[in-house]
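Chains A and B are the protein sequences, given in the same order. Counting in the numbering used here, the first sequence runs from 1 upward without gaps. Counting in the numbering used here, the second sequence runs from 1 upward without gaps. Each residue gets a CB set at the ideal place from its N, CA and C atoms; glycine is no exception. Note that this is a predicted model, so its numbers are computed, not measured. Working notes, beginning with the structure itself.
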Amino acid sequence: TQLLEQSPQFLSIQEGENLTVYCNSSSVFSSLQWYRQEPGEGPVLLVTVVTGGEVKKLKRLTFQFGDARKDSSLHITAAQPGDTGLYLCAGESDYKLSFGAGTTVTVRA
Amino acid sequence: EAGVTQSPTHLIKTRGQQATLRCSPISGHTSVYWYQQALGLGLQFLLWYDEGEERNRGNFPPRFSGRQFPNYSSELNVNALELEDSALYLCASSYGTSGGETQYFGPGTRLLVL
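Following this line, the structure appears as structure tokens:
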């Protein structure tokens with residue numbers, strides 16, 4: 001059983017469309033991180049959110065941490081083929097990261 | 001600055017054998033973490049080493065073990081390999097242990113057990 005549930009599992013959209021990935025848990029985390037992983041590589045950190053209700057923007061990516069620090073969302077505006085990859089959320093607690101199973105995003109040109 | 005490196009990139013073993021995976025952290029990082037990424041299961045935390053000592057362990061059997069050397073590099077050993085051990089094994093390193101430290105991941109070692 002995953003501590004963090006990500007949805008959807010797969011997402012395929014056309015270039016220029018928007019998308020949202022969700023990360024939910026019944027546990028409270030000290031921080032929540034989002035990673036992107038491409039085939040044959042390790043995950044690369046995109047953002048860390050720490051405060052409940054926090055919203056962070058990274059160019060076309062918007063990350064939100066839930067008020068109760070149990071859930072998060074990643075929204076991509078005007079997706080591009082370069083956004084294709086596996087998006088992973090990870091909650092930090094007791095110096096340990098717990099990962100969701102990931103959302104595979106495919107952006108078609 | 002060199003990132004986290006792992007070797008070998010691929011490893012093929014048969015059931016019952018032992019596998020040894022290696023990781024070199026980013027220079028200056030003292031903590032090394034090991035994760036297993038099996039298909040469809042996401043990353044599962046295996047082990048955390050800092051300053052040569054095991055600090056935390058995930059829900060894996062004792063045949064998964066490792067160590068950290070004085071130069072902070074690390075080794076993961078998997079004994080009595082089972083088919084289900086086939087996965088991508090990722091190593092990450094971080095600076096310090098105050099909590100919330102960013103973990104930087106290596107490219108992984110893909111282990112295939114036949």
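Item to check | Buried versus exposed call for Lys10 (chain B) [16 or more other C-beta atoms within 10 Å across all chains shown] | outcome: Looking at the sequence itself, residue 10 (chain B) is His, so the reference to Lys does not match. Its Cβ having fewer than 16 others within 10 Å, His10 (chain B) is exposed.
Checklist entry - Between which two residues does the beta strand (DSSP E) harbouring Thr109 (chain B) extend? => result 109-113
Item to check | CB contact flag (Gly108 (chain B), Gly52 (chain A), <8 Å) | outcome: no
Item to check | Identity of the residue in B:Asn56, B:Ser93, B:Leu41 nearest Gln6 (chain B) by Cα | outcome: B:Ser93
Next on the checklist: When you compare the region 76-91 of chain A with the region 18-36 of chain B, are there three or more beta-carbon pairs, one atom per stretch, that lie closer than 8 Å?
Outcome noted: no
Next on the checklist: Assuming Ser12 (chain A) and Thr106 (chain A) are in contact, meaning their beta carbons sit under 8 Å apart, how far apart are those beta carbons, in whole angstroms?
Outcome noted: 4 Å
Next on the checklist: Quick check: the Cα distance between Ser25 (chain A) and Leu32 (chain A), rounded to an integer number of angstroms?
Outcome noted: 11 Å
Next on the checklist: My parser needs the beta strand (DSSP E) runs of 3 or more residues fully inside the region 19-49 of chain A; what are they?
Outcome noted: 19-24, 31-37, 44-49
Item to check | Buried/exposed call for Val49 (chain A), threshold 16 Cβ in 10 Å | outcome: buried
Checklist entry - Nearest-angstrom Cα distance between Gly40 (chain B) and Arg57 (chain B)? => result 22 Å
Checklist entry - Taking buried to mean at least 16 other C-beta atoms within 10 Å of its own C-beta, is Glu92 (chain A) buried or exposed? => result buried
Checklist entry - Alpha carbon to alpha carbon, what distance is there between Lys57 (chain A) and Ala2 (chain B)? => result 28 Å
Checklist entry - What do you reckon, is the C-beta of Ser86 (chain B) under 7 Å from a heavy atom of the ligand COA? => result No copy of the ligand COA occurs in the structure displayed, which carries no ligand at all.
Checklist entry - Run through DSSP, which three-state label would Asp50 (chain B) get? => result strand
Item to check | Closest Cα partner of Lys59 (chain A) within the set A:Asp67, A:Leu46, A:Gly66 | outcome: A:Leu46
Checklist entry - Nearest chain B C-beta to Phe99 (chain A) closer than 8 Å, yes or no? => result yes
Checklist entry - At what residues does the beta strand (DSSP E) containing Asn77 (chain B) begin and finish? => result 74-78
Checklist entry - So the beta strand (DSSP E) Ile26 (chain B) belongs to, where does it begin and stop? => result Where Ile26 (chain B) is concerned, there is no enclosing beta strand (DSSP E), given that its DSSP letter is neither H nor E.
Checklist entry - At a Cβ cut of 9 Å, what residues of the region 35-55 of chain A count as close to chain B, listed as they run along the chain? => result Tyr35, Gln37, Gly40, Glu41, Gly42, Pro43, Val44, Leu45, Thr48, Val50
Next on the checklist: Using a Cβ-Cβ distance cut-off of 8 Å, determine whether Tyr22 (chain A) contacts chain B.
Outcome noted: no
Item to check | Glu82 (chain B) - DSSP class collapsed to helix/strand/coil | outcome: coil
Next on the checklist: At the 8 Å Cβ level, is Asn56 (chain B) part of the contact set with chain A, yes or no?
Outcome noted: yes
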